[in-house]
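Student: One structure follows; several queries about it will come next.
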Amino acid sequence: MLGQIAYALPFLAQGFALTLWVSLLVVVLSLIAGVILGVGLVYGPAPVRWAVRIFSDTIRGIPILVLIFFVYYGLPAVGIHLQSFWAAVLALTLFKTAQVVEYLRGAVASIPKGQSEAAMAIGLTFRQRLAYVIFPQAFRRFLPPWINGVTDAVKGSALVSLLGITDLMQAINQVIGRTYEAMPLYIFGALIYFAVNYALSYASRRLERRFAFIRD
Amino acid sequence: MATSSNTSTALLDIAEVSKSFGAVNVLRSVSLTVAKGEVVTVIGPSGSGKTTLLRCVNFLESYDSGSIRIDGKEVGFRPGPARNSGARQRRSERDLAAMRAETGMVFQGFNLFPHLTAAGNIMLGLTKVRGKSKTEARSIAEHWLGRVGLGHKADSLPAELSGGQQQRVGIARAVAMEPKILLLDEITSALDPELVGEVLAVVRSLAEDGMTMVMVTHEMAFARDASSRIVFMADGGVSAVGPPKEVLAEETTNERLRTFLARFRASHF
Chain G
661 MLGQIAYALP FLAQGFALTL WVSLLVVVLS LIAGVILGVG LVYGPAPVRW
711 AVRIFSDTIR GIPILVLIFF VYYGLPAVGI HLQSFWAAVL ALTLFKTAQV
761 VEYLRGAVAS IPKGQSEAAM AIGLTFRQRL AYVIFPQAFR RFLPPWINGV
811 TDAVKGSALV SLLGITDLMQ AINQVIGRTY EAMPLYIFGA LIYFAVNYAL
861 SYASRRLERR FAFIRD
Chain Y
1471 MATSSNTSTA LLDIAEVSKS FGAVNVLRSV SLTVAKGEVV TVIGPSGSGK
1521 TTLLRCVNFL ESYDSGSIRI DGKEVGFRPG PARNSGARQR RSERDLAAMR
1571 AETGMVFQGF NLFPHLTAAG NIMLGLTKVR GKSKTEARSI AEHWLGRVGL
1621 GHKADSLPAE LSGGQQQRVG IARAVAMEPK ILLLDEITSA LDPELVGEVL
1671 AVVRSLAEDG MTMVMVTHEM AFARDASSRI VFMADGGVSA VGPPKEVLAE
1721 ETTNERLRTF LARFRASHF
């Protein structure tokens, strides 16, 4: 049994690398897009707020699997052809972006209005207020749900296997297809996912403690 | 208008300012001028528009009509293009920020930045708005913390300070920017009674230094002793204005003022 795993290891490692790559892309892209749209949702003019609200509510209301199939099989109908890898990344990023928007909105809304006013009163511009006053405080509230979302992204990346992309999940399935040793390989796969996510949660707790400057 | 206010001695010139929230007229054609070095105290029942007036001066609130000028420069608005018959336009974000840096404000709820130390709170505006180096900002912060009696608390976070100490940092943060005028919005109202004195002592010493101040307060005794003039507001308008002795005189003929003072004396003495 261990021999089976040892034999499959290089192949699984490739799948694992792809899982990490997809997760990293999704996490970074959704963070950038989500923060920008989130700021639009909180501070933007009415049309921007509505647009972001509709985007976020729509995306969050669709099962992620449907979203993946929609991007991969649906978009070609309107002339947009994406490779399966990028279709998967796009779908997961859209899904995650909608979540980041909500985390950001919640975190910023938790900062009392007096903070913005005090920052205005000393003459900080809008960007400076965000950068030096609002975001440093909101970060502490943003972090826990966001890290939680990152672990979801790592787990959710397993869905890309449905588009035939050889990530960790798909690699495991392919090895099982050759060896018919399902249980040990699934357990091994679960352990890898768990190890990554546990490391993330642990790092998150450490970070949260570092930013615990407010007593509440 | 612009030329006359440039030549006048008024540092702050509030002229016929009106504002309403929906159907409620919070400010009704309020006019008030404050000369350099004056300490003007605004009193009045809650809901009379005192705080709103103060917040209009640094444009934390907009106003519907009238004008507010500091050193002759209109706060918040600039004249629009002639094709729009010169209707006023809101200043740009950058413009507003630069203007607000010229007025200091101290808040009822302190509003210190909880993620920054006492010195950090003061240094933020100095480095980001005034463009001073960290070292220079730090020494200015230490100077002002010393002035408010908190030289030993420079590296404390706001959560580690008492209310009175936090408010003194709030004052230091405002005056370190060397504003032309300092706005104090009920700065002792959220404090335990035994902490009020230490904060008022700081305000008094600033007044002695010649800092121009407009303050909203319920500390009548302090208002009487420290102000050059007292403004009594009622229903969004200025109902009485004059030296403390006149305005706070018991035999005032102003009905509303007499009622306010009587009620005040009944509840505070």
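Chains as they are written, first to last, in our numbering: chain G, 661 to 876; chain Y, 1471 to 1739.
In this text, a Cβ means the ideal position worked out from N, Cα and C, and glycines have one as well.
A quick note: this is a predicted structure, and the numbers were derived from the prediction, not measured.
In this structure, what does DSSP give as the bridge partners for M1575 of chain Y?
Tutor: Y:L1653
Student: When you compare the CB of Y792 of chain G with every CB in chain Y, is at least one pair closer than 8 Å?
Tutor: yes
Student: List, from N- to C-terminal side, the alpha helix (DSSP H) runs of 4 residues or more that fit wholly inside the region 726-810 of chain G.
Tutor: 744-769 and 773-781
Student: Spatial neighbours of G1634 of chain Y within its chain, please: C-beta separation below 7 Å, excluding the five flanking residues on both sides.
Tutor: L1661, L1665, E1668 and V1669
Student: Let me see if you follow: with CB-CB separation under 8 Å, is K1598 of chain Y close to chain G or not?
Tutor: yes
Student: How big is the Cα-Cα spacing for S1490 of chain Y and A737 of chain G?
Tutor: 54 Å
Student: If I'm right that V1708 of chain Y touches V1504 of chain Y with Cβ under 8 Å, what's the distance once you round it to whole angstroms?
Tutor: The C-beta distance from V1708 of chain Y to V1504 of chain Y rounds to 13 Å, too long to meet the 8 Å contact threshold.
Student: In angstroms with no decimal places, state the Cα-to-Cα distance between A748 of chain G and V731 of chain G.
Tutor: 8 Å
Student: Tell me, please, which residues DSSP counts as bridged to R1539 of chain Y.
Tutor: Y:D1483 and Y:E1544
Student: So the beta strand (DSSP E) L1501 of chain Y belongs to, where does it begin and stop?
Tutor: At residue 1501 of chain Y the sequence reads Ser, which differs from the Leu that was named. S1501 of chain Y -> beta strand (DSSP E) spans V1494 to A1505.
Student: Determine which residues of the region 771-788 of chain G have a Cβ less than 7 Å from any Cβ of chain Y, and write them out in chain order.
Tutor: Among the residues of the region 771-788 of chain G, those with a Cβ less than 7 Å away from any Cβ of chain Y are G774, Q775, E777, A778, M780, A781, I782, G783, L784, T785, F786 and Q788, in the order of the chain.
Student: Compare the Cα-Cα distances from V1686 of chain Y to each of Y:T1522, Y:K1623 and Y:V1512 and report the closest residue.
Tutor: Y:V1512
Student: Apart from the five residues on each side of it in sequence, which residues of its chain come closer than 6 Å, Cβ to Cβ, to S1474 of chain Y?
Tutor: The predicted position of S1474 of chain Y is uncertain, since its pLDDT is 42 and thus under 50; no value can be drawn from it.
Student: What three-state label does DSSP hand F1702 of chain Y in the structure shown?
Tutor: strand
Student: Taking a contact to mean a Cβ-Cβ separation below 8 Å, would you say L828 of chain G touches L669 of chain G in this structure?
Tutor: Against a cut-off of 8 Å, the Cβ pair of L669 of chain G and L828 of chain G comes out as no contact.
Student: Helix, strand or coil, according to DSSP, for R709 of chain G in the structure here?
Tutor: Judged by DSSP in its simplified three-state form, R709 of chain G adopts helix.
Student: Within 8 Å of any Cβ in chain Y, is that where the Cβ of P705 of chain G sits?
Tutor: no
Student: Given a threshold of 16 other Cβ atoms within 10 Å of its Cβ, counted over all protein chains shown, does A831 of chain G qualify as buried or as exposed?
Tutor: buried
Student: What are the partner residues of I1513 of chain Y, as DSSP defines its beta bridges?
Tutor: Y:F1702
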